[in-house]
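K.L.:
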Amino acid sequence: MKISPYNIVLLLLLFIYNVGLSGVTGYTYKEFKNYNYLDSGEYYIDSNFNFESLFPEDSIAKDVEIKFIKNKIIHSVGDSYFNVCKIKNKTNKILDLGFKLNMPAGWELLNSSVLFSRSLIPGGEINLPLRLTIPQNAVGGTAYVINMVASTKEKEFYRASYIKIPGISDWDMRTTKNLIYFNERYNTEDLEVYLSNKGNSQEIIKLNFKIGKNLKMLDSTANYITFVSVPPYTDTLISFQVQKLNRPELVGNYSGGWRENEILVAASSQNGKRKTRSVKFLDLDSEYYNLRDEMYSPLNITFSMFNLVSGQNTFTNITAFGQIQLNKEHDFNYHSVFSGLNFQNGATITSYLNNPNLYNLNFNYRWNEKLFATLGNVGLGNPLINFRGTGISSSYRLENGSNLKLSLLNSRFFPAWMVSSSYKSTISIPGVTKGISYELSLAYQDNRYSSFRAIYPQLSFGFSPIKNQNIRLNIMPSFGTYNFSGNLPGNDSSMSGIAYSVGYNGKLKKLSLSWLNRNTINSLDAFQAVIMNTGEVKYPISNKNNLLFTHNSYTVLPAKLYNNPNFLTEAQSLGQSINRLTFRSKYNKKITLIAGPSLQTTNRQSFVQRNNPTSSFTNLTYGLFGSIRLKLNRKEYISPSLFFGNTSFINSLIDSLDYISTRNISFGINYYKPKWNLNFRYVKGVTFFIDQNVFVFEDTRILNETVFLRANFNKEIPSRNLSLQGSCNWFLRMPQNIQNFGLSGRMDYQIIRRLNGFVNTNFITNSLSNQEDGTSSSRFFNINLGLTYNVDIPQPKIKYYDLKIVCFNDLNGDKIKSDDEVGIPNIILNVKRDLETSFLKTTFYERELISDIEGNIVLMDLPEGDFLLSFRPLENLGVLYNTKGSEQEISMQEDYTLFVPYGEGYKVTGQVKISRDVNSSLGTVKPSGVRVEAVSTSGEIFSTLTGVNGSFSISVPSAGYYKVSINNIFGDNFFIKNNKTLIQFDGFKLFRLDFDVVEKNREVIIKGNSKFNFGDN
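Going left to right, the sequence shown walks through residues 0 to 1016 as numbering that gives the first Met the number 0 numbers them.
1) Which runs of the beta strand (DSSP E) fall wholly inside the region 750-814 and span at least 3 residues, in chain order?
2) Specify the secondary structure class of L325 as computed by DSSP and reduced to three states.
3) Among the candidates D445, T175 and E438, whose CA atom is the shortest distance from the CA of F460?
4) Which residues in the same chain as G321 place their Cβ atom closer than 7 angstroms to its Cβ, once the five residues preceding and following it in sequence are excluded?
5) Who pairs with L298 in a beta bridge, going by DSSP?
6) I'd like the span of the beta strand (DSSP E) that includes I428, first residue to last.
7) Tell me whether the beta-carbon of N199 lies closer than 7 angstroms to the beta-carbon of I162.
8) Give, in chain order, every unbroken run of the beta strand (DSSP E) that is at least 3 residues long and sits entirely within the region 170-214.
9) Using a Cβ-Cβ cut-off of 7 angstroms, state whether Q738 counts as contacting chain D.
10) For S21, which residues in the same chain have their Cβ closer than 6 angstroms to its Cβ, ignoring the five residues on either side in sequence?
11) Do T600 and L631 count as a contact pair if the criterion is CB distance below 7 angstroms?
12) Let me check one thing: in DSSP terms, what residues is S952 bridge-paired to?
13) Measuring CB to CB, does S477 end up less than 7 angstroms from L523?
14) My output table needs one value for I348: the three-state DSSP class, helix, strand or coil.
15) How would you call M733, buried or exposed, if buried means at least 16 neighbouring beta carbons within 10 angstroms?
16) Return the CA-CA distance between N544 and L580, expressed in angstroms with no decimal places.
17) Output the residue ranges of the alpha helix (DSSP H) runs that lie fully inside the region 97-162 and measure 4 residues or longer, sorted by chain position.
18) G505 and Q468: beta carbons closer than 7 angstroms?
19) Can you have a look at A498 and say buried or exposed, based on whether 16 or more other CB atoms are within 10 angstroms of its CB?
20) Would W170 be called buried (16 or more neighbouring beta carbons within 10 Å of its own) or exposed?
21) Tell me which same chain residues have a C-beta within less than 6 angstroms of the C-beta of G122, skipping the five on either side of it?
22) Identify which residue in P103, L897 and A933 has its Cα closest to the Cα of A958.
23) How is E259 classed by DSSP in three states: helix, strand or coil?
24) How many Å lie between F156 and R117 at the Cα?
25) Using the three-state DSSP reduction, which class does P717 fall into: helix, strand or coil?
26) What are the boundary residues of the beta strand (DSSP E) that includes Y287?
27) Quick check: the Cα distance between F354 and L379, rounded to an integer number of angstroms?
28) Which partner residues of P612 appear in the DSSP bridge assignment?
29) Identify whether L708 lies in helix, strand or coil by the three-state DSSP scheme.
30) Taking the alpha carbon of L283 as the point to measure from, which residue in M891, L290, E886 and L828 has its own alpha carbon closest?
31) Going by the beta-carbon positions, is the gap between N1031 and N663 smaller than 7 angstroms?
32) Out of P900, I913, S935 and E847, which has the shortest C-alpha to C-alpha gap to I179?
33) Report the rounded CA-to-CA distance for V607 versus V529, giving the unit in angstroms.
34) Using the Cβ count rule (16 or more neighbours within 10 Å means buried), how would you classify Y481?
35) Please report the straight-line C-alpha distance between N516 and G496, rounded to a whole angstrom.
36) Ordered along the chain, which non-local residues of its own chain (more than five positions away) have a Cβ less than 8 angstroms from that of K89?
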């Protein structure tokens, strides 16, 4: 049969009529049925379900084959999901099929029109493109099922595709308050922990609480650990009741670590994320007695007695000190100490005054920060001249900043006197960065006790030749005469000498250097001289590691005056030198490592003539040391240390004596807490100065052991005005079996205002045991006590006043409390000194107090001057607000009562409401923490922050026009309706204003040029 082109066209038209087009192999159009898949029952289907096994009569028949191009896929929220479902008729007859798609709740099929009924010819196949939107709040870490159902009148055919949403962990923890206050009305307060889960999967948060020992959680589980399940896109607020324990040291105590008055909250999840917050609990009082700076009191007297109950002579000390202010430009200070007052056994006032070591008197005068004068026991304050005595010293500051000083002193212990003068100033020299500071001095000494007279010119100057380089030089030559016979003027001999000090500190790139040398060995000042050297070199290797080399040496030895051949008294020289190279590494915030080598020498010499020592012994100890500092918490640490070394003994006068060195080891541990600390050290071998006898025998070199233990304790109880201190020492040295034990305690207390006392006890035991003498021991115990009274007399420059603050409900608006106006409790006051306006920097530490049941706050002994006051309510006062303002200033010039009125003012209340777009991809947006402002016509700004639900309330002090607005912190995708609304308070005191924050609509764009593989693979 011949097939013509016309027959072919006719055949194609017939095929198209029966099968149809649209990317399919065969179907016929039938009436579209709107199938409501929401009525199909369960929307969330477990991804592990096997539909073939559930419905074998439908699947195994294989009448219809349904496949998804993407069977299992991981897909992120925010992007539209696209898939193609392929449906094939495997029978030999035409099937009339209806289609429906089961999806999770909240998912939407954008092209739902594709699900119309079709007739599918035998072997025919169709492709159904599916594009879905996934809601923003879809839970992550979960697989979802998309189920295609093709049905005839007799059967239903199923196929599933699985979509897994990846989990996103984004949670946070915070506490609603960092400070929580107790008071006399509230012994229990709520600790609120806020958990926010912005991620798309459920979080199991572990909360671990560390409770201060002054606090107790009433509703916590064992060990203060609890687990909280936080669903995705939700916030959870958990409240715990915290009760204060009745410990007096809690009252007013702002110091101490978390163990006392804090709760540390640690939140952690399974992925290792961790957040910590600390909340401090304060027990505020309504009364405060300020501790005066008694140096400004005109008279302070201390009477103390020592060696009570000791079996020894009791002696008494009397101290008097104070300041007498003549006016604001002149003041007079004095300090006197009379110790060891004991007129038993024939002691007299004359014998007492003949011993200058027992008493001390000082009088100081100051005029307008220019003239300073001191009368009494005075020192020159010159590091190159060691002279101190009774006399007068005065200095005067010139207008150009220069300083003149004159001193006249008479020795308190032997017949000698000295006069000294100096001029100190600064000059500028081109090329020198900071100028040159210099001091010219001239002194004269007449010493009849040592039979010499000398004059001491002196020049000291310091300058910085280049940036970060500083040099200091001090030179003091001396010229004098010395009488070898002591009385005959004809035997005077001329002498000269010199003393000097030189110092340097600077930086060379990363390297920091400092060095100071002082030498008075050739000075005509005294029979003893000093040679001192200190140096430091520091190099930072990194932010956590550095190297430090230190050198310190100090030697006391006979000076040049000791050359007198007739001076036959034996003298000694003692010196010590310590050198260390230290590597310091801060491993992390809690661990610090220190290690390095060290070299220490100790020298002792005896002289009859300066250059001819009769004995000279040196101990040399070198080795390696190391320590670790472990920080247990903010104010608690432990530090073990270790030293390995070698100690040798050197006799510089007898070279033939070759004493063998000995090894030594030292181990120690320090433990520190705010209220007590412990120090332990063990030494095997020798690391201290000993004589050569220890090195003669092997046993004495090796078996020498020392154990030292010391503990210290201190505790403050402010509510009872008590201070407790204690210490314990134990020392043991073997094989000599020398033991020492000491126990000491002290209590300071207040009897009444301005009358304080102390009690101190000491207990000491000593024992020594050897083969020759056996065991000998001794004990000592004593009690010491004293009283101090501070006289309260007003002075021109510094006065103390009392301040009473009354917080009350001002019903009539006159801002003065009347009998029918009740006080307002629980108003927190923060008071601090305004130092910018204070002409006298008297001590006053910032404090917080709280109003009592009657609304009163009392502060006693506030120093004269200006103070800054800040008020805030502990609880919600409703419509009441501080009509004088929350921030106030007060000048204390007399005892004063300050009324703080709270009244119903003009108020704007409302709420910030947020309208979201259903297709938004921005996640959770909250209305809390939004700044709301009300601006008056004069430019005054009154502001507040919105609460958790977006509510706000602003109070303004007076009527008039106000423009109320909020800050758009939400971004460009949001716009605010009725922002910057004008309100007029004229007759009405309360207005309601809501702000609508609307998110702009998000367009869903389906791009038509995307390529997709419709093949079978």
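Note that the Cβ used here is the ideal one computed from N, Cα and C, for glycine as well.
P.N.:
Considering the structure as presented:
1) Within the region 750-814, the complete beta strand (DSSP E) segments at least 3 residues long are 754-769, 773-789 and 799-808, listed from N- to C-terminus.
2) For the purposes of this step, residue 325 is identified with residue 326 of the sequence shown, where counting begins at 1. For L325, the secondary structure class from DSSP, reduced to helix, strand or coil, is coil.
3) Looking up residue 460 in the sequence shown gives position 461. Closest option to F460, Cα to Cα, is E438.
4) Position 322 of the sequence shown, counted from the first residue, corresponds to residue 321. Around G321: S296, P297, L298, N299 and Y333.
5) Here the question's residue 298 lines up with position 299 in the sequence shown. Paired residue(s): none; L298 is not in a bridge.
6) Working through the sequence shown from its first residue, we reach residue 428 at position 429. Neither: I428 is in no beta strand (DSSP E) and is coded neither H nor E.
7) Residue numbering aside, residue 199 sits at position 200 when the sequence shown is read from its first letter. Residue numbering aside, residue 162 sits at position 163 when the sequence shown is read from its first letter. No, the pair does not count as a contact, with Cβ atoms beyond the cut-off.
8) Fully enclosed beta strand (DSSP E) runs of 3 or longer: 170-174, 178-181, 187-196 and 202-210.
9) Any reference to chain D falls outside this structure, which holds one protein chain only.
10) Walking along the sequence shown from the start, residue 21 turns up at place 22. In this prediction, S21 scores a pLDDT of 38, lower than 50, which makes its location untrustworthy; the coordinate-derived value is nonetheless stated afterwards. Once the five neighbours on either side are set aside, S21 has no close Cβ partner at all.
11) As a first step, residue 631 must be located in the sequence shown, where it is residue number 632. As a first step, residue 600 must be located in the sequence shown, where it is residue number 601. In this structure, T600 does not lie closer than 7 angstroms to L631 by Cβ.
12) What you label residue 952 is simply residue 953 of the sequence shown in a count that begins at 1. Beta-bridge partners of S952 (DSSP): T908.
13) Taking the sequence shown and counting its residues from 1, the one referred to as residue 477 is at position 478. Taking the sequence shown and counting its residues from 1, the one referred to as residue 523 is at position 524. S477 places its beta carbon less than 7 angstroms from that of L523.
14) As a working note, residue 348 is residue 349 in the sequence shown. Reduced to three states, the DSSP call for I348 is helix.
15) Your numbering for residue 733 matches position 734 in the sequence shown. The residue is exposed, with fewer than 16 neighbouring Cβ atoms inside 10 Å.
16) Along the sequence shown, one-based indexing puts residue 544 at 545. Along the sequence shown, one-based indexing puts residue 580 at 581. Between N544 and L580, the C-alpha separation is close to 13 angstroms.
17) If only complete runs of 4 or more residues are kept, the region 97-162 shows no alpha helix (DSSP H) anywhere.
18) Here residue 505 is taken as the residue at index 506 of the sequence shown, counted from 1. Here residue 468 is taken as the residue at index 469 of the sequence shown, counted from 1. Yes.
19) The residue you call residue 498 lines up with position 499 of the sequence shown. For A498, the number of other beta carbons within 10 angstroms of its own is at least 16, and it is reported as buried.
20) One-based indexing of the sequence shown puts residue 170 at position 171. Classification for W170: buried.
21) The residue given as residue 122 occupies position 123 in the sequence shown. Nothing listed; no residue qualifies.
22) The residue given as residue 958 occupies position 959 in the sequence shown. It is A933 whose Cα lies nearest to the Cα of A958.
23) Translated into the one-based positions of the sequence shown, residue 259 becomes position 260. Helix.
24) Working through the sequence shown from its first residue, we reach residue 156 at position 157. Working through the sequence shown from its first residue, we reach residue 117 at position 118. Cα to Cα, the separation comes out at about 14 angstroms.
25) For the purposes of this step, residue 717 is taken as the residue at position 718 of the sequence shown. DSSP places P717 in the helix class (H, G or I) of the three-state scheme.
26) Residue 287 sits at position 288 when you count from the first residue of the sequence shown. In the DSSP assignment, Y287 falls within the unbroken beta strand (DSSP E) covering E286 to Y288.
27) Taking the sequence shown and counting its residues from 1, the one referred to as residue 354 is at position 355. Taking the sequence shown and counting its residues from 1, the one referred to as residue 379 is at position 380. A small fix is needed here, since residue 354 is Asn in this sequence, not Phe. C-alpha of N354 to C-alpha of L379: approximately 22 angstroms in a straight line.
28) Within the sequence shown, numbered from 1, the residue matching residue 612 stands at position 613. Per DSSP, F606.
29) Mapped onto the sequence shown, residue 708 falls at position 709. The three-state reading of DSSP puts L708 in strand, counting E and B together.
30) Position 284 of the sequence shown, counted from the start, is the residue given in the question as residue 283. Residue L828 is the option with its Cα nearest to L283.
31) Residue coverage of the chain in this structure runs from 0 to 1016, which leaves residue 1031 outside it and unanswerable.
32) Mapped onto the sequence shown, residue 179 falls at position 180. Comparing Cα-Cα distances from I179 to each of P900, I913, S935 and E847, the minimum goes to E847.
33) Reading the sequence shown from its first residue, position 608 is the one you call residue 607. Reading the sequence shown from its first residue, position 530 is the one you call residue 529. Cα to Cα, V607 sits roughly 18 angstroms from V529.
34) Taking the first residue of the sequence shown as 1, we reach residue 481 at position 482. Classification of Y481: buried, given that the 10 Å Cβ count is 16 or more.
35) As a working mapping, residue 516 is identified with position 517 in the sequence shown. As a working mapping, residue 496 is identified with position 497 in the sequence shown. In this structure, the straight-line span from the alpha carbon of N516 to that of G496 is close to 17 angstroms.
36) Against the sequence shown, residue 89 aligns to sequence position 90. Within the same chain, K89 has close Cβ partners K61, D62, V63, E64 and G122.
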